[in-house]
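From first to last, the protein sequence lines stand for chains A and B. Each residue of the first sequence is one higher than the last, beginning at 1 in the numbering used here. Each residue of the second sequence is one higher than the last, beginning at 536 in the numbering used here. The next block holds one structure in the form of structure tokens; read it before the comments.
Protein chains: 2
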Amino acid sequence: MSSLTAEQLRRQVATLLVVRASGHLEDSQRRYPRWELANDQLQRLLNDGVGGVILLGGSAVELQQRTQQLQRWSPQPLLLCADVEEGVGQRFEGASWLVPPLALGRLYQSDPVQAISLTERYGRCTADQARRCGLNWVLGPVCDVNNNPDNPVINVRAWGEDPSTAGALASAFQRGLAEGGVIGCAKHFPGHGDTSSDSHLDLPVIHHTLERLERVELPPFQAAIAAGVDSVMTAHLLLPELDPQRPATLSTAVLTKLLRETLDFKGLVVTDALVMDAIAARYGAAEAAVLAFEAGADLILMPGDADAAIDALCSAFGEGRLPLSRLDQSLQRRHQALARTGSAPPPSAFPAIVTPEEHQLERELVRRTLEINPAPKISASTGLNLVRVDSVLPSCHPLHGAAPALTLPAAQGFSTVLIHGQGVSPWQANPEAPLALEQLGHGPVLLQLFLRGNPFRGTQDSREPWPAAIQQLLDINRLAGVVVYGSPYLWDSLQPLLPETLPAAYSPGQMPEAQHQVLTQLLPGTGTRAGAFTD
Amino acid sequence: MSSLTAEQLRRQVATLLVVRASGHLEDSQRRYPRWELANDQLQRLLNDGVGGVILLGGSAVELQQRTQQLQRWSPQPLLLCADVEEGVGQRFEGASWLVPPLALGRLYQSDPVQAISLTERYGRCTADQARRCGLNWVLGPVCDVNNNPDNPVINVRAWGEDPSTAGALASAFQRGLAEGGVIGCAKHFPGHGDTSSDSHLDLPVIHHTLERLERVELPPFQAAIAAGVDSVMTAHLLLPELDPQRPATLSTAVLTKLLRETLDFKGLVVTDALVMDAIAARYGAAEAAVLAFEAGADLILMPGDADAAIDALCSAFGEGRLPLSRLDQSLQRRHQALARTGSAPPPSAFPAIVTPEEHQLERELVRRTLEINPAPKISASTGLNLVRVDSVLPSCHPLHGAAPALTLPAAQGFSTVLIHGQGVSPWQANPEAPLALEQLGHGPVLLQLFLRGNPFRGTQDSREPWPAAIQQLLDINRLAGVVVYGSPYLWDSLQPLLPETLPAAYSPGQMPEAQHQVLTQLLPGTGTRAGAFTD
Chain A
1 MSSLTAEQLR
11 RQVATLLVVR
21 ASGHLEDSQR
31 RYPRWELAND
41 QLQRLLNDGV
51 GGVILLGGSA
61 VELQQRTQQL
71 QRWSPQPLLL
81 CADVEEGVGQ
91 RFEGASWLVP
101 PLALGRLYQS
111 DPVQAISLTE
121 RYGRCTADQA
131 RRCGLNWVLG
141 PVCDVNNNPD
151 NPVINVRAWG
161 EDPSTAGALA
171 SAFQRGLAEG
181 GVIGCAKHFP
191 GHGDTSSDSH
201 LDLPVIHHTL
211 ERLERVELPP
221 FQAAIAAGVD
231 SVMTAHLLLP
241 ELDPQRPATL
251 STAVLTKLLR
261 ETLDFKGLVV
271 TDALVMDAIA
281 ARYGAAEAAV
291 LAFEAGADLI
301 LMPGDADAAI
311 DALCSAFGEG
321 RLPLSRLDQS
331 LQRRHQALAR
341 TGSAPPPSAF
351 PAIVTPEEHQ
361 LERELVRRTL
371 EINPAPKISA
381 STGLNLVRVD
391 SVLPSCHPLH
401 GAAPALTLPA
411 AQGFSTVLIH
421 GQGVSPWQAN
431 PEAPLALEQL
441 GHGPVLLQLF
451 LRGNPFRGTQ
461 DSREPWPAAI
471 QQLLDINRLA
481 GVVVYGSPYL
491 WDSLQPLLPE
501 TLPAAYSPGQ
511 MPEAQHQVLT
521 QLLPGTGTRA
531 GAFTD
Chain B
536 MSSLTAEQLR
546 RQVATLLVVR
556 ASGHLEDSQR
566 RYPRWELAND
576 QLQRLLNDGV
586 GGVILLGGSA
596 VELQQRTQQL
606 QRWSPQPLLL
616 CADVEEGVGQ
626 RFEGASWLVP
636 PLALGRLYQS
646 DPVQAISLTE
656 RYGRCTADQA
666 RRCGLNWVLG
676 PVCDVNNNPD
686 NPVINVRAWG
696 EDPSTAGALA
706 SAFQRGLAEG
716 GVIGCAKHFP
726 GHGDTSSDSH
736 LDLPVIHHTL
746 ERLERVELPP
756 FQAAIAAGVD
766 SVMTAHLLLP
776 ELDPQRPATL
786 STAVLTKLLR
796 ETLDFKGLVV
806 TDALVMDAIA
816 ARYGAAEAAV
826 LAFEAGADLI
836 LMPGDADAAI
846 DALCSAFGEG
856 RLPLSRLDQS
866 LQRRHQALAR
876 TGSAPPPSAF
886 PAIVTPEEHQ
896 LERELVRRTL
906 EINPAPKISA
916 STGLNLVRVD
926 SVLPSCHPLH
936 GAAPALTLPA
946 AQGFSTVLIH
956 GQGVSPWQAN
966 PEAPLALEQL
976 GHGPVLLQLF
986 LRGNPFRGTQ
996 DSREPWPAAI
1006 QQLLDINRLA
1016 GVVVYGSPYL
1026 WDSLQPLLPE
1036 TLPAAYSPGQ
1046 MPEAQHQVLT
1056 QLLPGTGTRA
1066 GAFTD
């Protein structure tokens, strides 16, 4: 080891970095140019030995070409990953977008055998499509227990609201990934479920003792580890009972003592994105990378400045702050994980992304997780289709394409108004009648709420007075129907307000298939699949 | 010819159809499933001999795979086309999206030599990128003279507002296409520039005499024919002076007498989309195809029902209503046009879509066509970025991606509100103060209008009281700046209202590059290309 040249050391250190790139091929198509490296920088870093890329943006077909391009730019086999927790179609249009994990966590309460079987298929579908797109590392399962309904960052991404459900389904998902030959990643260690602030924006503090963690937060990680998960991602959380100084991502107590020693995890430990403010703002890109490695991480995800992170790690190894044996161990773990992904050469012709069986799974997951109130169908033949969405411009969007949430009510005679965070406010300063209805339109209102507690939004959505708005519409006899797509907590809170005779439904999924299944049951004359968009 | 079997006749007739498909690979990704054939239908029709496909939707990278897939489904070389009048990026994200033709028509007034040179490069860029995506037929140049500023369907798509400008630039564009080895298409014969209704929605009537057509409408077509254009597309217009019964698309007087005989055009005559209501609602898919062919068309574009069109044409040939010699002529013309596209085999590896020179052209076209009022920069450091866009959900959208129209004002401290046809209305019932400002926000207003008189929208946009809204903001001293992206007519109408000291600008283009160039000149501290998104 001591005979490493500076150049060799640099290449080996670089191997442990995972940098971020757009899934699009052209620099001008990047959605987040601040975070996504330009192609010339990517090409240089990969050529210099950077060993992994996390991808976001672009369609599944673009991703097929993008992953081949990135691999061509590198002299070594790359780790190519994405946050495709809910199927590859969650991030890359054209692949399967599946219902959020928590939907299966709820199904597990009534039918655990079926929930486990569906979850294994869910993992296998995600793995198979990831491989067809050139990815070999899926950043899931989420192992956090969503025991705080106000959690702004985990929420429906979790497989359960209690440790045993989350553990059973996270390990079923991991088995599906392994069958499909991709690496999985249990996250966010040691558990991000019980926070009400968003670590994308701030550093949450969790005052749990080790005993409490062992009872609630750790079991799903233990289950995933027992199922053979290849990597674990750290959380940007401060747990003062374990380490009063350092967030978990940078804590020896959490990564080495708890994860490696107590839980006996032998795979790859990867940081969550180091650019996130909870870390970046406090420690800087260079020092954060060294602290993470020192604490026990093997891979550094999304350092704010890849060159600075490499420089700092090289200095730390050169000065003896970090022992070279740790470098060797991390490289060895990376090598072993990669070996488990198989070494099939990239296909010469690009395979189709979705199989008929996978389309069938998409539909089955929606069908088994939706709830429809046993009320008459919506009888109004004109009116207002009032649709609340998180935003309207991202390219992976539930309303892109021929969205049934827009086309089916339109066919019935409803006109659509979209409410979203970038639009004109629909609210007025009257707590009893918060909707400014004269700005919205006339007639009966079909209200469709696409709200799931997304990260990066703080508590913005939860401040909207939907219960009062529903009461306002009921009072003037203008509520024709209500659909919630996404948050079970929102649905739970609205349901007591809804008369039994009101057409109403809930789907955990927001995708076009969910819209189609819900609205063909709520609207008359749309029961057939004539003009179906999904197959 | 008389020895043709029914099967042979059917295949030959099918060769002359051009059907519509999504550029996406998956059926579920289709944006317009009503008009875009599903893959199983496409595969059957191509296998049965259908000879052309018009594509819309999907990214340029997806189109590369899609065109190869379609060609694999066909036993013969296909005509693969798209409405990429403003560069391939107008329809397929990731390719170059160039300023609208009329911008060069205006430049031609002051600098004809430069306008012609830029237009030739524009055509060459479009052709080269079309070929890289697997297209061999560009449905341009538009040869209509936009002498009616209220024209809802041509407008900025025209190369000029007078015959000589339109002719000079349409033929320059055609020369560029020919250099790039793709087929061009002069449209919409005999001239769609002087209508104020939209033939997508209704059948416009034009009372011009032949003498008037020869003076105004026909010269650009004659110029394009002289430049060697390979095809001419018909207009869905009624010209009672030429044919009191039939719209141009179905008129022997227009297609055979005027186009073939008087103008001596020897190439392919293709109908505009037969599904458009102006034709489909009156004649039906089957009879419209026969009438078009009878009138002199060679290729039938987007029949409402391809099988019905083939059946009807086969019957017409079988019964002698159409002579088989016409079938032979049309097949011969198609063969000759295809031969001019070259027969390079599809590339084994997909080429990059955009070259650095083409990025340069995108920027140069924006730079040479924008207008900035010589006023101070916008000094307000907070306020409202009020953005009017046609809609927010299409995938090829000026505000998708890291749009400078959103990010640059945000960096300056402005908050964005999007106004669009699917959103909450920003208007109130006060003609003097039409903007409902209390729904919109506080502070100085930067007004950005993305309006270009798009087809399919009737006169919807022009009814919005933007002049009164500008006066309203001026009266209360809240107007920080105005930008128009798109219509020169809107800009012309607003400019007299704007004080000389008001920061204001106009760009014919709506693409991110236009937003960047405009806003870096209007906003302080954004003058460098740091964080540039285009390269």
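Don't be surprised by glycine CBs; every beta carbon is placed ideally from N, CA and C. Remember, it's a predicted structure, so these values are computed and weren't measured experimentally.
Beta-carbon proximity of residue i to residue j, cut-off 8 Å
i, j, result
"Glu620/B", "Gly675/B", "yes"
"Leu78/A", "Val61/A", "no"
"Ile353/A", "Leu17/A", "no"
"Arg569/B", "Gly592/B", "no"
"Ala405/A", "Gln495/A", "no"
"Ala289/A", "Pro303/A", "yes"
"Ala761/B", "Glu714/B", "no"
"Ala297/A", "Leu255/A", "yes"
"Leu370/A", "Tyr506/A", "yes"
"Ala13/A", "Leu313/A", "Looking at the sequence itself, residue 13/A is Val, so the reference to Ala does not match. For Val13/A and Leu313/A, yes; Cβs fall inside 8 Å."
"Ala617/B", "Gly624/B", "no"
"Leu544/B", "Phe985/B", "no"
"Pro1047/B", "Ala964/B", "no"
"Leu866/B", "Thr550/B", "yes"
"Leu738/B", "Leu773/B", "yes"
"Asp144/A", "His207/A", "no"
"Asn385/A", "Gln448/A", "yes"
"Gly23/A", "Leu63/A", "yes"
"Leu338/A", "Leu301/A", "no"
"Leu118/A", "Leu299/A", "no"
Contact belief for residue i with residue j at Cβ below 8 Å, rounded distance in angstroms
i, j, result
"Asn39/A", "Asp27/A", "6 Å"
"Thr501/A", "Pro409/A", "Contact doesn't hold; Cβ gap of about 20 Å is too wide."
"Gly486/A", "Ala504/A", "Wrong, their Cβ atoms sit about 15 Å apart, outside the cutoff."
"Gly988/B", "Asn690/B", "4 Å"
"Val673/B", "Val717/B", "5 Å"
"Thr917/B", "Gly976/B", "Not quite, the Cβ-Cβ distance comes to about 10 Å (not below 8 Å), so this is no contact."
"Ser196/A", "Asp150/A", "5 Å"
Bridge partner(s) assigned by DSSP for residue i
i, result
"Val445/A", "Leu384/A, Leu479/A"
"Ala556/B", "Leu590/B"
"Gln189/A", "A small fix is needed here, since residue 189/A is Phe in this sequence, not Gln. Phe189/A pairs with Thr234/A."
"Ala847/B", "For Ala847/B, which the question treats as bridged, DSSP gives no partner whatsoever."
"Ile689/B", "Answer is none; Ile689/B lacks a bridge partner."
"Val142/A", "Lys187/A"
"Ser507/A", "Tyr485/A"
"Thr890/B", "For Thr890/B, which the question treats as bridged, DSSP gives no partner whatsoever."
"Leu605/B", "Answer is none; Leu605/B lacks a bridge partner."
"Val562/A", "No answer is possible for residue 562/A: the residues shown for chain A start at 1 and end at 535."
"Val740/B", "Leu773/B"
heavy atom of the ligand SAM below 7 Å from residue i C-beta
i, result
"Asp150/A", "As for the ligand SAM, it is missing from this structure, which has no ligand bound."
Within chain E, the residues that residue i reaches when beta carbons sit closer than 9 Å
i, result
"Ala971/B", "Of the chains in the structure shown, none is chain E; the protein chains are A and B."
Count the CB pairs spanning the stretch 94-113 of chain A and the stretch 69-78 of chain A that are closer than 8 Å, and state whether there are at least three. Counting Cβ pairs under 8 Å, fewer than three are found: no touch.
When you compare the stretch 230-249 of chain A with the stretch 186-193 of chain A, are there three or more beta-carbon pairs, one atom per stretch, that lie closer than 8 Å? By the Cβ test, the stretch 230-249 of chain A is in contact with the stretch 186-193 of chain A, since at least three Cβ pairs between them sit closer than 8 Å.
Every unbroken beta strand (DSSP E) inside the stretch 220-277 of chain A [3 residues or more]: Counting only unbroken stretches of 3 or more residues, the beta strand (DSSP E) elements lying wholly within the stretch 220-277 of chain A are 231-234, 268-270, in sequence order.
Assess, as a yes-or-no matter, whether the stretch 645-658 of chain B is touched by the stretch 695-713 of chain B under the definition of 3 or more beta carbon pairs within less than 8 Å. With three or more CB-CB distances shorter than 8 Å, the stretch 695-713 of chain B counts as touching the stretch 645-658 of chain B.
Meets three-Cβ-pair contact criterion under 8 Å: the stretch 246-261 of chain A and the stretch 324-337 of chain A: Remark: fewer than three beta-carbon pairs, one from each stretch, lie closer than 8 Å, so the stretch 246-261 of chain A and the stretch 324-337 of chain A are not flagged as touching.
Threshold first: 3 residues or longer. Then list the beta strand (DSSP E) segments lying entirely within the stretch 79-137 of chain A, N to C. List check, beta strand (DSSP E) in window: 79-82.
Residue ranges of each alpha helix (DSSP H) within the stretch 22-49 of chain A, 4 or longer: The DSSP assignment places 39-47 as complete runs of the alpha helix (DSSP H) inside the stretch 22-49 of chain A, in order along the chain (cut-off: 4 residues).
At 4 residues or longer, what runs of the alpha helix (DSSP H) sit wholly inside the stretch 280-330 of chain A? Counting whole runs of 4 or more residues, the stretch 280-330 of chain A contains the alpha helix (DSSP H) stretches 285-295, 306-318.
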